[in-house]
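**Q**
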Amino acid sequence: MCLGIPGQIVEIIDVTKNLATVDVSGVKRQVNIACIVDENHSVESCVGDWVLVHVGFAMSRINEEEAQKTLALLTELGEAQKEVEAILLAQAQAQTEATQ
Amino acid sequence: MKYVDEFRDPVLAQKLIVEIEQLTAQILKENKRFADRPIQLMEFCGGHTHTIFRYGIEQLLPKSIELIHGPGCPVCVLPMGRVDDCVSLAERPEVIFTTFGDAMRVPGSKKSLLQAKADGADVRMVYSPLDALTLARKNPNREIIFFALGFETTMPSTALTVLEAEREGLDNFSLFCNHITTVPIIKAILDSPNMQLDGLLAPGHVSMVVGEAPFNYVAGTYKKPIVITGFEPLDIVQSIWLLLRQLAQGQCLMENQYARIVPRDGNQPGLAAIARVYQLRDFFEWRGLGSIDDSGVRITDAYARFDAERKFPVPNIKIADPSSCQCGEVLKGEIKPWQCKVFGSQCTPETPMGALMVSSEGACAAYYNFGNLPELMALKEKAEVAK
Chain A
1 MCLGIPGQIV EIIDVTKNLA TVDVSGVKRQ VNIACIVDEN HSVESCVGDW
51 VLVHVGFAMS RINEEEAQKT LALLTELGEA QKEVEAILLA QAQAQTEATQ
Chain B
1001 MKYVDEFRDP VLAQKLIVEI EQLTAQILKE NKRFADRPIQ LMEFCGGHTH
1051 TIFRYGIEQL LPKSIELIHG PGCPVCVLPM GRVDDCVSLA ERPEVIFTTF
1101 GDAMRVPGSK KSLLQAKADG ADVRMVYSPL DALTLARKNP NREIIFFALG
1151 FETTMPSTAL TVLEAEREGL DNFSLFCNHI TTVPIIKAIL DSPNMQLDGL
1201 LAPGHVSMVV GEAPFNYVAG TYKKPIVITG FEPLDIVQSI WLLLRQLAQG
1251 QCLMENQYAR IVPRDGNQPG LAAIARVYQL RDFFEWRGLG SIDDSGVRIT
1301 DAYARFDAER KFPVPNIKIA DPSSCQCGEV LKGEIKPWQC KVFGSQCTPE
1351 TPMGALMVSS EGACAAYYNF GNLPELMALK EKAEVAK
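Chains as they are written, first to last, in our numbering: chain A, 1 to 100; chain B, 1001 to 1387.
This is how it looks when you write it as structure tokens:
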């Protein structure tokens, strides 16, 4: 019920009604963007923005900086590094064996 | 897909699991209270429950961590009487009753919306409340009712739809408002004497609308760690790790794991629309949980003409759940879905008795579809024999 899906705004359809076309994994759909428009973001300026779409409404602009920070935090988990290397090594070996 | 694939990376998940194992060992060693019980973490949101089962996250975690599946599935907590109200509205000849797909199969005392449709009522499944508005434009001689359901995540969309109907002067459009609020229900869970939660995964998309502040009380007043959590498998595993890190360090903080989507102050245009169109109800009835103060909203007097409850007669009769149904105990985390008397026998996703078996976000449907069913049924049989 509360799920959302990321999409990119590709075109503004109607400025008064806050309507835009959003590309969600190659599927284009009309979406209301009233929730991501404010004094810093005019309707027209939203083209190209990545947003989270929920029941036909763009509910949040995806914050790329925060996304990168979260991912960096995950990648930097130091102590488990050896385990990961072991997994990668095992995967690489399995792949080599499979191709032989 | 943007920031979806990244948060499904199995190598990163594996790294986190190793960290989780180490933290769990440390917590168990340093805290006597876990000598005879597991570390209990609740994911409130049905969307999280779905991800946890779909990706088998529970099986990856150490045995001493127990995930309790919360009541954050709006379809699951809808009382049977409200479904009857929907059917009654849908059966009016002038009405086109529109709803999200999730609600179609929820059983009422006599029938579901799907059965009402089969009996001739004009019930239509829509993806967005805006699709219902389009129907209102195209059918000026019919009354279009949209079944507004869901937590704060969905409220801006239905509120903005009402505002658009007002702008266009579409008087043949109304909402049957059953929106519910998150904070009162989390409080009710934390106040429940049978509940010993050690941490909470807060609903990411509710937070996207309401912001971080409404969840501060969990850490502040109740002294429980809480983490606002996204919906990809890595989001959930990372948030569990964050909760454990707090437990290991003896902290109780409100953290935001899902900052790529959840701004600290939430969504201001969305909150403004909610404030214009909705006001709190004194109380709202939840399936299995009873009546909870301030836990639902209704349409304000200024927008009364878009309120299906005021526009049409609604029976509003309270109907008790079938006595064999144990949805309430499952919702409160008192029993596991497979421990319910009718799980997997009279109640299955094809012929659901309780709402928890209907929605893909319901705990029972998750156990049925993604759990090890033969093993669960064997456990159930064993428990019944023991009785």
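Quick reminder that beta carbons are idealized off the backbone N, C-alpha and C, glycines included.
#1: Give a yes or no on whether the minimum CB-CB distance between GLU1006(B) and chain A is below 7 Å.
#2: Exposed or buried, what is LEU73(A) when buried is set at 16 or more other beta-carbons lying within 10 Å of its beta-carbon?
#3: When DSSP labels each residue in this structure, what does ASP38(A) get in the three-state scheme?
#4: Determine the extent of the alpha helix (DSSP H) in which GLU1021(B) is found, giving its start and end residues.
#5: Measure from the alpha carbon of ASN32(A) to the alpha carbon of each residue in VAL55(A), ASN40(A) and GLY26(A), then state which is nearest.
#6: Taking Cβ-Cβ distances shorter than 7 Å, what residues in chain B pair up with GLU66(A)?
#7: Is the distance from the Cβ of ILE1319(B) to the Cβ of SER1109(B) below 7 Å?
#8: From PRO1263(B) to VAL1237(B), what distance separates their C-alpha atoms?
#9: On the DSSP letters alone, give me the boundaries of the beta strand (DSSP E) that GLY1072(B) sits inside.
#10: Given a threshold of 16 other Cβ atoms within 10 Å of its Cβ, counted over all protein chains shown, does HIS41(A) qualify as buried or as exposed?
#11: Less than 7 Å between CB atoms is the rule here; does GLY1101(B) satisfy it with respect to chain A?
#12: Alpha carbons only, please: which of TYR1217(B), LEU1113(B), THR1158(B) and GLU1384(B) is nearest the one belonging to ASP1084(B)?
#13: Tell me the start and end of each unbroken beta strand (DSSP E) in the stretch 1088 to 1143 of chain B that is at least 3 residues and wholly inside, in chain order.
#14: Is GLU79(A) buried or exposed, if buried means 16 or more other CB atoms sit within 10 Å of its CB?
#15: State yes or no: is the C-beta of ILE1202(B) within less than 7 Å of the C-beta of LEU1023(B)?
#16: Is the CB of HIS1205(B) under 7 Å away from at least one CB in chain A?
#17: Run through DSSP, which three-state label would PRO1322(B) get?
#18: What number of angstroms, rounded off, separates the C-alpha of LYS1138(B) from the C-alpha of LEU1160(B)?
#19: Do you know offhand how far ASN1216(B)'s Cα is from LEU1253(B)'s?
#20: Would you tell me roughly how many angstroms separate the C-alpha atoms of LYS17(A) and ARG1281(B), rounded to the nearest one?
#21: Which of the three DSSP states, helix, strand or coil, is assigned to THR1351(B)?
#22: Are VAL1126(B) and ALA1118(B) touching if we call contact CB-CB under 7 Å?
#23: Under 7 Å, do CYS35(A) and MET1(A) count as touching if we go by C-beta distance?
#24: When you compare only the Cα positions, how much space is there between ARG1033(B) and GLN1196(B)?
**A** For this structure:
#1: yes
#2: exposed
#3: strand
#4: 1010 to 1030
#5: VAL55(A)
#6: ALA1259 and ARG1260
#7: yes
#8: 21 Å
#9: 1065 to 1072
#10: exposed
#11: no
#12: LEU1113(B)
#13: 1095 to 1099 and 1123 to 1125
#14: Residue placement at GLU79(A) is poorly supported in this model, since its pLDDT is 43, which falls under 50; the coordinates still yield a value, given next. Result: exposed.
#15: According to the sequence provided, residue 1202(B) is Ala. The question's Ile does not apply to it. It is not a contact, given that the beta carbons lie outside the stated cut-off.
#16: yes
#17: coil
#18: 19 Å
#19: 8 Å
#20: 30 Å
#21: coil
#22: no
#23: no
#24: 11 Å
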